[in-house]
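Residue numbers (our numbering): 6 to 326.
Down below is the structure, laid out as structure tokens.
Structural data, given as structure tokens:
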């Protein structure tokens, strides 16, 4: 795990090559075909990449089901599944479960989006608070994707999302069937992360990101309410193509939104139990272990200047999978 631009994909690929692993993407943008440059789609083989058209929905519940099936299949073939990504809700759904709740319903989702357009997402948040105060307390009024899903589940089933989440069948959770090792990587200095984010977005633009978004825009069947188009970078360039802002404004918005995404990811991770942290310097090498900023997790044993892969392999050798 780790925030965007933290180096987690490079570490995962190196670990996969060293330890007979198969990578499973945990990224809500990588599931979509055509979201390549802006989603930093890797060349190295990953499961759960390019499995949906951008017009289609893909939920945390879909991911949990797909990932559990893949983990079982990979393990049965004698290999080690290695999940890598930054969509924390997907990790949470995989590890803790979302129960067998209703699948996404396009008609209900259109109804919710129409109400959001008319009244605003804070109004819908108030509606959710009336029927599922527990879920509403965990969801920010402007987090449209999570809020919409919570309302969709209730309207489809009459059962609050929070109640569904309390009824995962015994033995279904990965922690009950496998040994789970959780690693998080992140630069110790947030300024380093911010510089990487800005530089990476400029590199994406140079590689043709605007043309990629234009191709999606010109399809005619996509709109900014879809999860694929709400992805960071795509949403802001879509606004430029729609004449809502200048290109420079779109770039500035995209970089700012990516920083906010990284901040949210780190907020999740600081509260995540059982994490082993790898704090890196500007060059991507490890810093000496510190318990600061690890939340309920712990720093992985390492020495300053050590490459992340070496520290991870040493840890796995001392406590093998």
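Note that beta-carbon positions come from the ideal geometry of N, C-alpha and C, so glycine has one too.
Beta-ladder partner(s) of residue i, from DSSP
i	result
residue 189	282
residue 49	Looking at the DSSP assignment, residue 49 forms no beta bridge with any residue, so it has no partner.
residue 118	The partner list for residue 118 (beta bridge, DSSP) is empty, contrary to what the question assumes.
residue 86	27
residue 291	285
residue 63	Paired residues: none, contrary to the question.
residue 140	For residue 140, which the question treats as bridged, DSSP gives no partner whatsoever.
residue 303	281
Counted within 10 angstroms of its Cβ, other Cβ atoms place residue i as buried (16 or more) or exposed
i	result
residue 153	buried
residue 127	exposed
residue 114	buried
residue 23	exposed
residue 51	buried
residue 322	exposed
residue 63	buried
residue 138	exposed
residue 270	buried
residue 130	buried
residue 212	exposed
residue 149	buried
residue 32	buried
residue 159	buried
residue 241	buried
residue 86	buried
residue 59	buried
residue 157	buried
residue 310	exposed
Contacting residues, own chain, Cβ-Cβ under 6 Å from residue i (five flanking each side not counted)
i	result
residue 214	42, 43
residue 320	305
residue 7	13, 189, 190, 191
residue 217	42
Boundaries (first-last residue) of the alpha helix (DSSP H) holding residue i
i	result
residue 263	252-275
residue 181	179-182
residue 168	166-169
residue 153	149-162
residue 40	First-last for residue 40: undefined, no H or E at that position.
residue 4	Since the first and last residues shown for the chain are 6 and 326, residue 4 lies out of range.
residue 218	214-222
residue 55	Segment: none, residue 55 is in no alpha helix (DSSP H) and carries neither H nor E.
residue 322	313-323
residue 98	93-101
Contacts around residue i, its chain only, beta-carbon distance under 8 Å, and the 5 residues preceding and following it disregarded
i	result
residue 10	198, 201, 202, 205, 263, 267
residue 303	280, 281, 282, 296
Beta-carbon proximity list for residue i, same chain, < 7 Å, skipping 5 on both sides
i	result
residue 219	246
residue 222	243, 246
* Contact the stretch 278-294 vs the stretch 252-264: 3+ CB pairs below 8 Å -> Of all C-beta pairs linking the stretch 278-294 to the stretch 252-264, fewer than three are shorter than 8 Å, placing the two stretches out of contact.
* Should the stretch 195-204 be called in touch with the stretch 309-316, which here means at least 3 C-beta pairs below 8 Å? -> With the cut-off at 8 Å, the stretch 195-204 and the stretch 309-316 do not touch.
* Counting pairs of beta carbons, one from the stretch 116-123 and one from the stretch 77-92, are three or more of them closer than 8 Å? -> Short answer: they don't touch.
* Cβ contact (3+ pairs, closer than 8 Å) linking the stretch 271-279 and the stretch 245-258 -> Touching, no.
* Asked: Is the number of C-beta pairs between the stretch 225-239 and the stretch 179-195 that are closer than 8 Å three or more?
  -> Short answer: they don't touch.
* **the stretch 58-74 touching the stretch 221-233, judged by at least three CB pairs closer than 8 Å** => Result yes; three or more Cβ-Cβ pairs closer than 8 Å.
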